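Report on the following structure.
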Amino acid sequence: MNEHLEQLKEIRSIMERSSKFLSLSGLSGISAGICALAGAWYAHNKIHIEGLYHLFDPKVRSEIVPFLLLDALVVLITALASGIFFTVRKTRKQGLSVWTSTSKRLLTSMFVPLIAGGIFCLGLLYNGFFWLCFPATLVFYGIALVNASKYTVHDTFYLGISEIILGIIALFLAQWNLWFWAVGFGVLHIIYGIVVYFRYETK
Amino acid sequence: MNLLQNFNKAFESKARLGIMSVLMVNDEVSFNMLKEILALTDGNLATHLRALEEANYITFRKEFIGRKPSTIYSVTDEGKQAFNDHLNELEKFIKGT
Chain F
89 MNEHLEQLKE IRSIMERSSK FLSLSGLSGI SAGICALAGA WYAHNKIHIE
139 GLYHLFDPKV RSEIVPFLLL DALVVLITAL ASGIFFTVRK TRKQGLSVWT
189 STSKRLLTSM FVPLIAGGIF CLGLLYNGFF WLCFPATLVF YGIALVNASK
239 YTVHDTFYLG ISEIILGIIA LFLAQWNLWF WAVGFGVLHI IYGIVVYFRY
289 ETK
Chain Z
614 MNLLQNFNKA FESKARLGIM SVLMVNDEVS FNMLKEILAL TDGNLATHLR
664 ALEEANYITF RKEFIGRKPS TIYSVTDEGK QAFNDHLNEL EKFIKGT
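Chains F and Z are the protein sequences, given in the same order. When the letters of the first sequence are read in order and numbered with this note's numbering, they come out as residues 89 to 291. When the letters of the second sequence are read in order and numbered with this note's numbering, they come out as residues 614 to 710.
Have a look at this one:
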């Protein structure tokens, strides 16, 4: 009887372990965080130097919005590229392929909330609620991570929850938006990356 | 004790149950991936894979990833059926005692 219970437990544990993409590199998180911090720092300087701090003023907004969008886009692309680079490198080292059914499931579960969030933010911009994009990107990104955490290391779940909480707080503290954004996409990614790196990659 | 007779002989070893468990939740899995998940040696894993293959529970195909040849395994309908039957037997056995 015990032997059979053991068998069932073993089967369940193997099924769970093997349906997760465990080759996500911690270095990906660290590099994405650094890109985000650089982008936030650049935006912060620009806003201060040019005295464009009043985002609620429509004239100022028409100048700063395209700049911030471009800045965010550059951050997104460099963060994604470096993230993909380190994860692909890790799977190569392990002799595994990157494009498996688990990595596909991970990406699908992540991209559904992300694309919804992206379109949602475009809608906010279109309607002139520019500042709401900062909390919204954090919240949608957090939901994407919580959703994707079923298919990868469990630490991703906590990163997602933290992003959601941060996004919600940012919603009520509009003047600190850029700071919350820098903490959420910069600092949290770096912490997550370090934790994942030391927990799974230094063994 | 006659319940024991219903257990599938092909799933007697832990390694074979492990292989089937992995293949039940993943469409396709490479030899290296199986080796890593189950922590088996090349020879050991190959033997068990051959046994399951001879029972028509799994199939495989060869593929090149870059320049390295790789063998990709997947479970057959027959294999799924057999594994589910085996799980049901396990469950019955546990409930019955």
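Glycine included, each C-beta is placed from N, C-alpha and C at the ideal position. Please read all numbers here as calculations on a predicted model, not as lab measurements.
With residue i as the anchor, note down where its beta strand (DSSP E) starts and where it stops.
i: T689(Z); result: Here T689(Z) belongs to no beta strand (DSSP E), and DSSP marks it neither H nor E.
Would you list the residues sitting across from residue i in a DSSP beta bridge?
i: I671(Z); result: V688(Z)
i: S643(Z); result: I685(Z)
Just to confirm the assignment, what range does the alpha helix (DSSP H) spanning residue i have?
i: T225(F); result: C221 to A236
i: R287(F); result: First-last for R287(F): undefined, no H or E at that position.
i: S189(F); result: S189 to Y214
i: A628(Z); result: K627 to V638
i: L93(F); result: N90 to S106
Would you please state the rounded distance, in angstroms, between the beta carbons of residue i and residue j? I believe it to be under 8 Å.
i: V273(F); j: A124(F); result: Sequence check: residue 273(F) is Phe here, not Val. Contact holds; Cβ gap of about 4 Å.
i: L115(F); j: G281(F); result: 6 Å
i: A128(F); j: W269(F); result: 6 Å
i: I122(F); j: I278(F); result: 7 Å
i: G171(F); j: V284(F); result: About 12 Å separates the two Cβ atoms, so there is no contact after all.
i: L651(Z); j: L658(Z); result: 7 Å
i: T179(F); j: V186(F); result: 5 Å
i: A623(Z); j: A668(Z); result: 5 Å
i: T672(Z); j: T689(Z); result: 6 Å
i: V638(Z); j: M198(F); result: Not confirmed; about 19 Å, so no contact.
i: T244(F); j: L226(F); result: Their Cβ separation, rounded to whole angstroms, is 15 Å, which puts T244(F) and L226(F) out of contact at 8 Å.
i: G255(F); j: G230(F); result: 6 Å
i: A131(F); j: A167(F); result: Their Cβ separation, rounded to whole angstroms, is 15 Å, which puts A131(F) and A167(F) out of contact at 8 Å.
i: E641(Z); j: S687(Z); result: 5 Å
Thinking just about the alpha-carbon of each residue, which of the options is nearest to the one in residue i?
i: R193(F); options: N265(F), A236(F), L254(F) and I165(F); result: A236(F)
i: A224(F); options: H242(F), V241(F), P201(F) and T240(F); result: P201(F)
i: N630(Z); options: D640(Z), L700(Z), T654(Z) and R674(Z); result: What sits at residue 630(Z) in the sequence shown is Leu, not Asn. For L630(Z), the nearest C-alpha among the options comes from L700(Z).
i: L636(Z); options: V176(F), F173(F) and S189(F); result: S189(F)
i: S634(Z); options: G709(Z), L703(Z), F696(Z) and E704(Z); result: F696(Z)
i: P154(F); options: T290(F), L226(F) and L213(F); result: L213(F)
i: I152(F); options: K238(F), Q95(F), I256(F) and N133(F); result: N133(F)
i: Y288(F); options: C221(F), H242(F) and I257(F); result: H242(F)
i: L112(F); options: A204(F), L266(F), G230(F) and K181(F); result: K181(F)
i: T660(Z); options: D698(Z), F644(Z) and D640(Z); result: F644(Z)
i: K648(Z); options: I632(Z), F677(Z) and E641(Z); result: I632(Z)
i: I252(F); options: L276(F), W264(F) and I135(F); result: L276(F)
i: T175(F); options: G206(F), D159(F) and T240(F); result: T240(F)
i: E691(Z); options: G656(Z), L703(Z), L665(Z) and E641(Z); result: L665(Z)
i: F222(F); options: A160(F), F286(F), I203(F) and R177(F); result: A160(F)
i: K266(F); options: F208(F), H136(F), T290(F) and L93(F); result: Looking at the sequence provided, one finds Leu at residue 266(F) rather than Lys. It is H136(F).
i: I707(Z); options: L157(F), V271(F), E94(F) and F286(F); result: E94(F)
i: E704(Z); options: I165(F), Y246(F), H92(F) and R177(F); result: H92(F)
i: S107(F); options: K238(F), Y246(F), W264(F) and G248(F); result: K238(F)
i: Q694(Z); options: Y670(Z), D655(Z), K675(Z) and L653(Z); result: Y670(Z)
Is residue i near the ligand SAH - that is, is its Cβ less than 6 Å away from at least one heavy atom of it?
i: V283(F); result: With respect to the ligand SAH, the structure offers nothing, as it holds no ligand at all.
Compare the C-beta of residue i with all C-beta atoms of chain C and state if any pair is closer than 7 Å.
i: V688(Z); result: Judged by its chain identifiers, the structure shown contains no chain C, and its protein chains are F and Z.
At 4 residues or longer, what runs of the alpha helix (DSSP H) sit wholly inside the region 233–281 of chain F?
243–260 and 265–270
So within the region 144–183 of chain F, which uninterrupted alpha helix (DSSP H) runs reach at least 4 residues, ignoring any that extend past its ends?
146–181
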